[in-house]
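**Q** Quick one: the structure is below, questions incoming.
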Amino acid sequence: MRRDPWYLNLNDKELNQKFSCIQQEEDKRLRKVAREHDQQSKWSLGASVKEINDFRNRYINIMPYEKNRVHLNVTKGNDYINASYVNVDISQQSISSGHYIATQGPTRNTWGQFWQMCYHECHSNNIVIVMVTPLIEKSREKCFPYWPMGFEYHDTKRYVSYKQCPSGYEEDLSIFKQSLEVKYESAKRFDDQYTLTILKLIPKNEDNTQKHELPVKTVYHFYFDQWEDMKKPQEIIPIMKLSQHSHRFISGEDPIIVHCSAGVGRSGTFIALDHLIHNTVDFSEKTNNDLLKSTKSQYDKDLIEQIVLQLRSQRMKMVQLSDQYRFIYHAARYLHNMESH
1 MRRDPWYLNL
11 NDKELNQKFS
21 CIQQEEDKRL
31 RKVAREHDQQ
41 SKWSLGASVK
51 EINDFRNRYI
61 NIMPYEKNRV
71 HLNVTKGNDY
81 INASYVNVDI
91 SQQSISSGHY
101 IATQGPTRNT
111 WGQFWQMCYH
121 ECHSNNIVIV
131 MVTPLIEKSR
141 EKCFPYWPMG
151 FEYHDTKRYV
161 SYKQCPSGYE
171 EDLSIFKQSL
181 EVKYESAKRF
191 DDQYTLTILK
201 LIPKNEDNTQ
211 KHELPVKTVY
221 HFYFDQWEDM
231 KKPQEIIPIM
241 KLSQHSHRFI
251 SGEDPIIVHC
261 SAGVGRSGTF
271 IALDHLIHNT
281 VDFSEKTNND
291 LLKSTKSQYD
301 KDLIEQIVLQ
311 LRSQRMKMVQ
321 LSDQYRFIYH
331 AARYLHNMES
341 H
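UniProt numbering puts the first residue of the sequence shown at 1, with every later residue one more than the last.
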């Protein structure tokens, strides 16, 4: 029988204290980096704070760490995009590593680079994108509509040039191996919570003919639009369904590409919950009795806290709010109770 993790019995006051400690520790190290300008620090922000990259950042206070930022696969020019490789692997708990890319919601200036990143970073012919933000909140853009939405919108194709220059300045130019066509295939709404749009990502030559030496890739784009900025989800079940659905299309060790608006709050919360559900001894359906017995007496840490700490070590402000932090525990408690009955 699956054990009852002790950390699920923590009350909200105790969870708030844990979150406060996580936040204070991050604030302290970011202040240290800002004060000392140490480019060798593992917390260095490197290219993200260069003035030319201001045009590539949606927000001025959310930057990737230099050590694990995604480098665009350019043949020449600027390789910066506001995106971070995130790997989750908790000793004695993770059945396998979770591979993700956490990134900001594409802007009008950066959506082309986003698609170039997706094409290069997923080595199989499947690309899974999980978008956990509405396009507009309170009359403010949270994400540019970067994908073709279908026939009813007269929107079935987008063209991504092999040349990308968000600022218009020559030193900001990125040159890629190929142009891309993003082609709409189909879309379906699930439980009035999220939409799965299937797209084709087609490599193109400069003259817009197909580049046959490169593969056409299929994109599974999950758009979850019921999660308000700076708030916890109203229901746990839809998030769990979204997580399980997206995993049907993952190939090998390809990352799930996750974004909200800044790529930290809702993105971090989704990644934490996704790894918890699919890849941990305490919660995954993959767990067998032998594995349970071997870890029961060994693992005495707060698994959720450890996941969030690992996320914070790879991208700032992951799981940004105490509401979001508590939500992960509430979701885990709900999941555990479901499995116990």
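All C-beta atoms in this analysis are idealised placements derived from N, C-alpha and C, irrespective of residue type, glycine included.
#1: Is the beta carbon of Ile198 closer than 8 angstroms to that of Tyr223?
#2: Sort Leu135, Gln210, Asn337 and Ser261 by Cα distance to Asn57 and report the nearest one.
#3: Round the Cβ separation of Ala331 and Ile307 to the nearest angstrom and send it over; I've been treating them as touching at under 8 angstroms.
#4: Under a Cβ-count criterion, where at least 16 other Cβ atoms within 10 Å of its own Cβ denotes burial, should residue 398 be classed as buried or exposed?
#5: Give the straight-line distance between the Cα atoms of Val49 and Glu137, rounded to the nearest whole angstrom.
#6: With burial defined as no fewer than 16 other Cβ atoms inside 10 Å of the residue's Cβ, what is the status of Glu181: buried or exposed?
#7: May I ask you to report which of helix, strand or coil DSSP gives Gln92?
#8: Secondary structure at residue 342, three-state DSSP: helix, strand or coil?
#9: Thinking C-beta only, is Lys204 closer than 8 angstroms to Ser179?
#10: Counting pairs of beta carbons, one from the region 140-159 and one from the region 96-110, are three or more of them closer than 8 angstroms?
#11: Which residues in the same chain have their Cβ closer than 7 angstroms to the Cβ of Pro15, if we skip the five residues on either side of it in sequence?
#12: Between the Cα of Tyr55 and the Cα atoms of Asp155, Leu303, Pro166 and Lys13, which residue gives the shortest distance?
#13: Between Asp191 and the rest of its own chain, which residues show a CB-CB distance below 8 angstroms, the 5 nearest in sequence each way excluded?
#14: Gly98 lies in the beta strand (DSSP E); which residues open and close that run?
#15: When the Cα atoms are used, what is the spatial distance from Val88 to Gln314?
#16: Where Glu25 and Gln310 are concerned, what is the direct C-alpha to C-alpha distance, given to the nearest angstrom?
#17: What are the residues that DSSP puts in a beta bridge with Thr195?
#18: In angstroms with no decimal places, state the Cα-to-Cα distance between Tyr194 and Asp38.
#19: Measuring CA to CA, which of Gln116, Val132, His123 and Ile62 is closest to Arg158?
#20: For Arg29, which residues in the same chain have their Cβ closer than 8 angstroms to its Cβ, ignoring the five residues on either side in sequence?
#21: Specify, as a first and last residue, the run of the beta strand (DSSP E) that Tyr159 falls within.
#22: Pull the bridge partners of residue 367 from the DSSP assignment, please.
#23: Assign Val319 to one of three DSSP states: helix, strand, or coil.
#24: Looking at the unbroken beta strand (DSSP E) that takes in Ile127, where does it start and where does it end?
#25: Excluding sequence positions up to five away, which residues of its chain have a Cβ less than 6 angstroms from the Cβ of Trp6?
#26: What does a CB cutoff of less than 7 angstroms around Thr269 pick up in its chain, not counting 5 residues either side in sequence?
**A** The short version:
#1: Contact flag unset, no.
#2: Among Leu135, Gln210, Asn337 and Ser261, the Cα nearest to that of Asn57 belongs to Ser261.
#3: The pair is not a contact, with the Cβ atoms about 12 angstroms apart (cut-off 8 angstroms).
#4: The shown model of the chain, from 1 to 341, leaves out residue 398, and the question about it has no answer.
#5: So the alpha carbons of these two residues sit roughly 27 angstroms apart.
#6: For Glu181, the number of other beta carbons within 10 angstroms of its own is at least 16, and it is reported as buried.
#7: Looking at Gln92 - three-state DSSP - the assignment turns out to be coil, as it is neither helix nor strand.
#8: In the structure as shown, the chain starts at 1 and stops at 341, and residue 342 therefore has no counterpart that could be examined.
#9: Yes, the pair counts as a contact, with Cβ atoms nearer than the cut-off.
#10: Under the three-pair Cβ rule at 8 angstroms, the region 140-159 counts as touching the region 96-110.
#11: The amino acid occupying residue 15 in the given sequence is Leu; Pro does not appear at that position. Annotation for Leu15: Tyr325, Arg326 and Tyr329 place their beta carbon closer than 7 angstroms to its own, counting only its chain and skipping 5 residues before and after.
#12: Before going on, a small fix: residue 55 reads as Phe here, not Tyr. Selected option, being the one with the closest Cα: Pro166.
#13: Result list for Asp191: Pro238 and Lys241, in chain order.
#14: Note, Gly98: beta strand (DSSP E), Gly98 to Thr103.
#15: Each residue's alpha carbon lies about 10 angstroms from the other.
#16: Taking the CA atoms as reference points, Glu25 sits about 13 angstroms from Gln310.
#17: In the DSSP secondary-structure assignment, Thr195 is bridged to Arg189 and Tyr223.
#18: Computed Cα separation, rounded: 43 angstroms.
#19: Closest by C-alpha distance to Arg158, out of Gln116, Val132, His123 and Ile62, is Gln116.
#20: Counting only Cβ-Cβ distances below 8 angstroms, and skipping sequence neighbours, we find Trp43.
#21: In this chain, the beta strand (DSSP E) harbouring Tyr159 covers Lys157 to Val160.
#22: An answer regarding residue 367 cannot be provided, because it is not within the stretch 1 to 341 covered by the chain.
#23: DSSP places Val319 in the coil class of the three-state scheme, outside both helix and strand.
#24: The continuous beta strand (DSSP E) containing Ile127 extends over residues Asn126 to Met131.
#25: So no residue of the chain qualifies.
#26: Only Val319, Gln324, Phe327 and Ile328 meet the Cβ criterion.
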